[in-house]
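Number 926 in the numbering used here belongs to position 286 of the first sequence; there are no gaps in the numbering. All C-beta atoms in this analysis are idealised placements derived from N, C-alpha and C, irrespective of residue type, glycine included. None of these values were measured; they are calculated from a predicted model. The structure appears right after this line, and notes come after that.
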Amino acid sequence: MLLFDDPYEQVLETIRDGYPDANKTDLTYDRSGHADFSFRMFRLKKQINTSFDQIASKVTAEILKIPAVRKVAQESGYLNIFLRDEFFLESVDKYLSERKQYPDTFQDPERVLVEHTSTNPTGPIHIGRTRNSIIGDSLARILARYGYRVSTQYFVNDSGKQVAALYKGFKMYHPGEPPAIDSLLSGYQKIYSEIKDDREKEKDLIEPVIKRYESGDSEIIGEIREYCTIVLEGIRKSLSSIGIKIDDYVWESNFLRGTELEAVFEMLDNRLKDENGATYIELDNETKVYLRRSNGTSLYIARDIAYHIFKALNSDWIIDVLGEDHKEHAARLSQILRDFMDFKPRLDVVTYSFMSLEGSRFATRRGNIVSLDDLLRRTEEEALKIVREKRPDMMEEKLSEVSKKVAVSSVRFNIIRVNSSKPVDFKWKEALSFDGDAAPFIMYAYARARRILEKAGEETSVDSRTYLKEERALSRNLYLYPIILQDAVSNLKPELIATYCLDLAKAFNEFYANCPVIGSGPEMGKRIMLTSAFSKILRDAGSLIGIEFLEEM
RNA sequence: GGGCGCGUGGCCCAGUCAGGAUAUGGCAAUAGCCUCCUAAGCUAUAGAUCGGGGGUUCGAAUCCCCCCGCGCCCGCCA
């Protein structure tokens, strides 16, 4: 939960004193530039038959009594409410100096579990999959900032067809070798191209592995686990290179071998139906969801149910980040948990649309992919070229630090800024461009602010209460941070933070161009405070979506 | 064929949940701004039948219906 001063509630209460029917949506934080808050009287007028003039005159005097309010002006059906110019900065600064952050957070006892990435450990992570990780990690950071107790989890598939192929491929093409990441992956790719169009061959090669695995052959179970661990280590490294660390890795095979899966079938017992030895459950709309094959082995959804029951043990709110191809699966899973099982936690599934590469589909086996490592490396090279050009004075070591951070931030920002339900077509030209609505714009604004503070010191005595329009716009933007955070949490939309960072950086750049800080006499104290608040809040918000900040760039 | 999602200037994106005041920024284009805190910046100009058609409403990018285009799903795969 967030703590901050918000006159919104007071204004709404005041309106309700006069018109109890006034709805939360009748009063808005104005975005059009007409006011700070707009009371949209035309909405209220639907319910009660009074003129705008009457409504306005009934509440105006009372609203004006609220200390933060400076002016109330009626414009036809709108009642525009203006706050005092200095309110924003003063209220933000109060939190920053007394509580060290704006907004302050009240620790929420709710435990949130975000599951993301969970890609099969059969290859390096590519940028399509990375969208999952970036969304999941940003959500986890945002929820933690809001005050929840958050942890993240990766569900490792180490028991299906994919990993059986990983095992078999390595054994076939690299017999006798000690397992290593390159040989594991090349073995997997080779066997995959052999079996992809040949079901018989697949059956011959893969099924015996699965049979041995499911019969509890501890040698093969151990070896597969070992191979998966090696590939997973590569994925873990790639993720860590863009600042993503996942708290726990949960192995799917644990549910197979433990009692969890059996427990699921027991819990669902009176719902289970049989068809030629296979077990299924029937949903309201007569769809059959198969949980167990006629050969007795379990299906993915059954194991996922077991996994969710496990998650529920330590969570009040579970969030799954999944590709759009899993939407149907997720819907069925939620329905089964909700309708047929005693599942307590809140469950949300955040899905995202696929990414394509220069207009065509990502295809792992056709080599039409870009791995996260490749993307990051090329982005870093490009960034290095640009910094070198812009800062010929910079030391080599510094150049490398700057280009690294620019690259990480850019990769994450380009993906997170787009609404997750929209498809993203990855284009090298765009990925390697750092102009405009991009991470460096945000990082650069921060570096500028830090330079001013470095030169001007952190003086905080404020002599001026007059605000130029750039100063006011920046102050108001700072003040709005908790509102945006709240919105991002309640809608699980990390992209709102990205948009906010851009808006905030833009407001600062306009301030920077028009309001000199150093040597501005009576304005200086206020402008230093504004610059300082800006640097802290931008860094706070940007960090939630993985932007890495630099004092100099 | 059925289900889910997406469609906003040449290109990318915001706004759609909770309908309202001249539809947000950026890229590319054109014209300006560094004797002054880093020009990865700022200012200005130009560019939009908000996929199309109906409907609801005083008012629709936003809600409802139909259609078109694209993506995903429709396995005893994951």
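Alpha helix (DSSP H) segment containing residue i, residue limits
i     : result
L667  : Looking at the DSSP string, L667 is not in any alpha helix (DSSP H); the run it does join, the beta strand (DSSP E), is L667 to Y669.
G936  : Segment: none, G936 is in no alpha helix (DSSP H) and carries neither H nor E.
N1154 : E1135 to N1154
V699  : F692 to L704
D844  : R839 to E854
V871  : S858 to S881
A820  : Note, A820: premise wrong, no alpha helix (DSSP H); not H, not E.
F727  : D725 to E738
L1118 : K1109 to Y1119
I941  : Y940 to A952
Assigned exposure category for residue i - 16 Cβ within 10 Å defines buried
i     : result
M1035 : exposed
R933  : exposed
K1045 : buried
G874  : buried
K1176 : buried
G1161 : exposed
K808  : buried
S773  : buried
R781  : buried
E755  : buried
F679  : buried
P647  : buried
T654  : buried
Option nearest residue i by Cα separation, candidates the options
i     : options                       : result
R751  : L729, F722 and V790           : V790
L1108 : Y1140, I1123, A1147 and I1092 : A1147
D748  : G776, I721, Y867 and R785     : R785
P707  : N797, K951, E649 and A952     : E649
R1105 : R724, I767, L652 and Y1119    : R724
V1129 : L684, K686, Y788 and F1081    : Y788
V1058 : M1169, K1133, L1093 and R1088 : K1133
K1095 : A1138, D1103, N894 and G1159  : G1159
D988  : E834, R1017, V803 and S974    : S974
Q829  : E817, K843, M812 and E840     : M812
F905  : E1037, R943 and I1082         : R943
A1085 : D1065, L1015, K740 and S1172  : S1172
L1190 : Y1152, V1027 and T1139        : V1027
I1168 : I1092, A1153, A1145 and I976  : I1092
D965  : I775, Y947 and T991           : T991
D693  : K711, Y718 and N1154          : Y718
G1165 : A1079, E1111 and F1074        : E1111
N663  : A1087, D1143, I688 and R671   : I688
I695  : D661, T665 and D670           : D661
G621  : N916, V1157, A1078 and L824   : Here the chain comprises residues numbered 641 to 1193, so residue 621 is not present and cannot be evaluated.
I775  : L879, R656 and Y1119          : L879
G800  : P764, P848, T757 and I767     : P848
Residue i (DSSP reduced to helix, strand or coil)
i     : result
F983  : coil
Y1196 : Since the first and last residues shown for the chain are 641 and 1193, residue 1196 lies out of range.
R680  : strand
L806  : helix
R1017 : helix
V1046 : helix
E1188 : coil
V1157 : coil
A1085 : helix
D1180 : helix
A1003 : strand
D709  : One point to set straight first is that residue 709 is Val, not Asp, in the sequence displayed. DSSP places V709 in strand when its eight states are reduced to three.
T899  : coil
P1080 : helix
R1256 : Past the edges of the chain, shown from 641 to 1193, lies residue 1256, and the structure says nothing about it.
Residue i, enclosing beta strand (DSSP E) - first and last residue
i     : result
S791  : R789 to V796
M995  : M995 to L997
G963  : W957 to G963
V1064 : V1064 to F1066
Y659  : Looking at the DSSP string, Y659 is not in any beta strand (DSSP E), and its letter there is neither H nor E.
L753  : R751 to E755
Bridge partners - residue i, DSSP secondary structure assignment
i     : result
E922  : K928
Q714  : L719
S833  : According to DSSP, which records beta bridges pairwise, S833 is partnered with nothing at all.
E915  : A918
D888  : Q793
H766  : S1011
L1132 : L1132 is not bridged to any residue.
T745  : L642
Distance cut-off 7 Å: residue i Cβ against heavy atoms of the ligand ZN
i     : result
V1048 : Judged by which ligands are present, the structure shown has none, so any question about the ligand ZN falls away.
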